[in-house]
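Engineer:
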Amino acid sequence: MDALKTRLLQVFQFTKNFLQQHNLRYIGCGGTVLGAIRHKGFIPWDDDIDLYMPRADYERLLKLAPEFQGSGYELLHWDIQSPTLNSHYYMPFAKIADCSSTIWEFKHLPFLFGISIDIFPLDEFDESDEAITARQYRSHYYFDKYLNAVSHYNLSDMLQSLCKADVHRLGVQVLSKWRSRCPEKYLQAFRQFEQGYKNNDPGPKCVCVTQWEGRIFQSEWFRDVIEVPFENTTLIIPRDWNAYLSTLYGDYMQLPPEEKRVSHPHYFFDMNCRLTLDDAKRRLTT
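First residue of the sequence shown? That's 0 in numbering that gives the first Met the number 0, and the numbers climb one at a time after it.
Rendered as structure tokens:
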């Protein structure tokens with residue numbers, strides 16, 4: 000196992016211990032469940048861990064952010080003030096990150112955090128699939144505006160798009176310059192949208208609204224769970240993991256083509272220390 004995955008497992012073990020200490024529920028999701036079933040751990044070319052938390056537990060977790068102080072880890076969310084974040088956090092979900100590494104994912108989003116796992120809120124609904132899907136599209140609409148507002152493009156980026164006749168990308172970059180004057184306006188619109196469903200009563204269907212793959216799950220899959228091996232530890236997953244993975248991936252035991260076996264990009268990565276944005280920029284130019 001490579002060093003990054005070893006560190007991810009350390010973050011995961013801390014997370015499990017913290018959630019257990021506070022009686023908070025989690026369930027593995029997406030490729031993390033697929034990796035547990037198909038590979039007994041990480042998907043070989045993947046390098047992340049994703050978790051769902053039922054909405055009530057997720058909201059309780061966010062209120063516990065101060066308890067991370069002094070632990071070597073931090074809870075990141077755009078409603079939490081973090082001493083290590085340099086500016087707007089841009090994810091519509093939470094992260095638990097270590098404080099001794101630096102990741103800058105995308106050049107146009109100059110925001111740094113450490114090696115981390117992603118935590119998504121899981122909401123239940125008692126409404127039609129069409130209504131739930133419409134919520135996901137609206138979530139994407141509001142979040143896309145905020146993400147565009149906190150993106151940073153320079154003149155060189157725009158000229159490059161112009162030379163390539165990439166009209167769509169150029170339009171995104173120009174809009175970003177205009178929207179960057181008031182990112183809080185777009186974040187507030189997203190928060191108001193989210194407020195309309197995050198206190199829902201239990202329902203037969205569930206979904207993470209901020210994910211846009213369009214999959215809708217049965218709530219009962221996440222109420223009845225089991226613990227399975229995951230590398231040198233264990234992971235809680237839906238007991239009916241076959242139904243979950245089949246809904247998400249179809250024939251999930253079939254490996255994807257070689258060209259699709261790619262890990263997540265990092266514009267800048269330092270596993271051994273937490274840098275400021277200015278320090279990371281200097282490292283990139285030397």
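Built from N, CA and C at the ideal position, the CB exists for glycine as well. Everything numeric in this text was worked out from a predicted model, so none of it was measured.
Restricting to runs no shorter than 4 residues, where is the alpha helix (DSSP H) found entirely within the segment 211-261?
Structural biologist: Taking only runs of at least 4 residues, the alpha helix (DSSP H) segments lying wholly in the segment 211-261 are 219-222, 240-248.
Engineer: DSSP three-state call for residue 103: helix, strand or coil?
Structural biologist: If DSSP states are grouped into helix, strand and coil, residue 103 belongs with the strands.
Engineer: Go through the segment 101-156 residue by residue and report every complete run of the beta strand (DSSP E) that reaches 3 residues or more, in order.
Structural biologist: Runs found: 101-103, 115-124.
Engineer: Terminal residues of the continuous beta strand (DSSP E) containing residue 73?
Structural biologist: Segment 72-75, the beta strand (DSSP E) holding residue 73.
Engineer: If you draw a straight line from the C-alpha of residue 118 to the C-alpha of residue 55, how long is it?
Structural biologist: Near 13 Å, if we compare the C-alpha coordinates of residue 55 and residue 118.
Engineer: Can you tell me whether residue 281 sits near the ligand PLP, meaning its C-beta is under 7 Å from at least one heavy atom of the ligand?
Structural biologist: No copy of the ligand PLP occurs in the structure displayed, which carries no ligand at all.
Engineer: Taking Cβ positions, are residue 93 and residue 61 nearer each other than 8 Å?
Structural biologist: Cβ atoms of residue 93 and residue 61: closer than 8 Å.
Engineer: Just to confirm my understanding: we take residue 128, look at its own chain, exclude 5 residues before and 5 after, and list those with CB closer than 8 Å. What are they?
Structural biologist: The answer, listed in chain order, is 204, 215.
Engineer: For residue 267, which of helix, strand or coil comes out of DSSP?
Structural biologist: In the structure shown, residue 267 sits in a strand (DSSP, three-state: E or B).
Engineer: Okay, do the segment 167-177 and the segment 245-254 touch, 3+ Cβ pairs below 8 Å being the bar?
Structural biologist: Output reads no: the segment 245-254 does not touch the segment 167-177.
Engineer: Can you list, in chain order, the residues of its chain whose CB lies under 8 Å from that of residue 85, leaving out five sequence neighbours each side?
Structural biologist: Only weak support exists for where residue 85 lies, its pLDDT of 48 falling under 50; the coordinates are left without a value.
Engineer: Between which residues of its own chain and residue 251 is the CB-CB distance below 8 Å, once the five residues before and five after are set aside?
Structural biologist: Contacts found: 33, 36, 37, 244, 245.
Engineer: Whose C-alpha, out of 255, 217, 41, is nearest the C-alpha of residue 240?
Structural biologist: Looking at the Cα atoms, 217 is the closest of the given residues.
Engineer: Any idea if residue 273 is buried or exposed, counting beta-carbon neighbours within 10 angstroms, 16 or more meaning buried?
Structural biologist: It is buried - the Cβ of residue 273 has at least 16 other Cβ atoms within 10 Å.
Engineer: From residue 144 to residue 185, what does the alpha carbon distance come to, in whole angstroms?
Structural biologist: Going from the Cα of residue 144 to the Cα of residue 185 covers about 6 Å.
Engineer: In whole angstroms, give me the CA-to-CA distance for residue 50 and residue 270.
Structural biologist: Approximately 22 Å between the Cα atoms of the pair.
Engineer: With a cut-off of 8 Å, do at least 3 Cβ pairs link the segment 130-145 to the segment 218-232?
Structural biologist: No, the segment 130-145 does not touch the segment 218-232.
Engineer: Excluding five sequence neighbours on each side, which residues of the same chain lie with their C-beta closer than 6 Å to the C-beta of residue 53?
Structural biologist: Contacts found: 24, 121.
Engineer: Could you check how far apart the C-beta atoms of residue 88 and residue 134 are, in whole angstroms? I think they sit under 8 Å.
Structural biologist: Residue 88 to residue 134, Cβ: 22 Å. No contact.
Engineer: Which first and last residues belong to the beta strand (DSSP E) in which residue 50 is found?
Structural biologist: Element bounds for residue 50: 49-53.
Engineer: Would the beta-carbon of residue 101 fall within 8 Å of that of residue 229?
Structural biologist: No, the Cβ-Cβ distance between residue 101 and residue 229 is not below 8 Å.
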